[in-house]
Amino acid sequence: PIVCKLYVGQRVVVAFNIACGFCEYCQRQEYAVCDTIYSSKLQEKLHQQKKVTLFGHSCLKSAGLGGQAEYIRVPFADINCLPIPNDVPDDKALYLSDIIPTAFHGCHIGNVKEGSIVAIWSLGPIGLLQARWCQILGAKRIIGIDYVPKRLKISHQSLQIETINVKECDTMKTLLEMVPGGADCSLQAVDFNYSKSLLYKDERSLQSTADMLIY
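Residues in the sequence shown are numbered from 1 upward in steps of one, following this note's numbering.
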């Protein structure tokens, strides 16, 4: 399609998923599940369905070229390119391609709001940004759960949130002691089965009100 909303030389940021802008999902603004681009036969065989196309991933994700390349071709540019305001520097705009909106989306789906008590499973880049978004959204308490010393130190010193080191204690027991009534929201920022099973246990036993998985 002809590009109508952008001009040559304009700075833009591009999300990692590719949307067509015209399918049923896109019409509902559910761009992350658009399944009309670069259909992969291997993907369909493994998953029994089409899935969203991602820049720079393998054929399992119906791959679009690029992601880490110096130049990439962006299909449906009017949909997939977000113009960057002149007063936003490149080093800040870069994060809009993935981790800032991913972290915010998790908080939004998890219904984090003023006064919430939030448990965040994993304190990598997404988890750290989720903690910051929770602060901006007015959460009363934020408890970060991880085992990497550097992550725990950054979380405690830079964000001043409470932390649990999973290698030094019984995670669920400690969380129950810290929050007897249960966390209002549990946000998962890691794709490992152990954290998922504990998070579900947290929801069932502590009656948490929301569940957001982020991969």
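Beta carbons: idealized from backbone N, C-alpha and C, even for Gly. Just so it is clear, the structure is predicted and the values come from calculations on it, not from any experiment.
Check	Outcome
Should Ile37 and Pro75 be called a contact, given that it needs their Cβ atoms to be closer than 8 angstroms?	yes
In this structure, how does DSSP classify Thr36 when only helix, strand and coil are distinguished?	coil
Would DSSP call Ile142 helix, strand or coil?	strand
I need the DSSP call for Cys185, collapsed to helix, strand or coil.	strand
Over what stretch of residues does the beta strand (DSSP E) that includes Leu152 continue unbroken?	Run containing Leu152: none in the beta strand (DSSP E); it sits in the alpha helix (DSSP H), Pro149 to Ser158.
Check for me: the alpha helix (DSSP H) holding Ala103 runs from which residue to which?	Ile99 to Ile109
According to DSSP, which residues form a beta bridge with Cys26?	DSSP output for Cys26 lists no bridge partner at all.
Could you check whether Leu128 and Ser155 sit closer than 8 angstroms to each other, using their CB atoms as the reference points?	yes
Have a look at Thr102, Asp146, Val12 and Ile84 and flag the residue whose alpha-carbon is nearest the alpha-carbon of Ala119.	Asp146
According to the Cβ coordinates, are Val33 and Ile117 closer than 8 angstroms?	no
Just verifying my parser: in three-state terms, what is the DSSP assignment at Leu6?	coil
Name the residue from Val8, Asp35, Gly9 and Val112 whose alpha carbon lies nearest to the alpha carbon of Ile18.	Asp35
Please classify Ala93: does DSSP put it in a helix, a strand, or coil?	helix
For the beta strand (DSSP E) containing Leu82, name the first residue and the last one.	Cys81 to Pro83
Going along the chain, which residues of its own chain have a beta-carbon closer than 6 angstroms to the beta-carbon of Thr163, five neighbours each way excluded?	Gly144, Leu152, Ser155 and His156
Under the rule that 16 or more other beta-carbon atoms within 10 Å means buried, what is Ala257, buried or exposed?	In the structure displayed, the chain extends from 1 to 215; residue 257 sits before or after that span and is not available.
Compute the distance between the beta-carbons of Asp87 and Leu6, then report whether it is under 8 angstroms.	no
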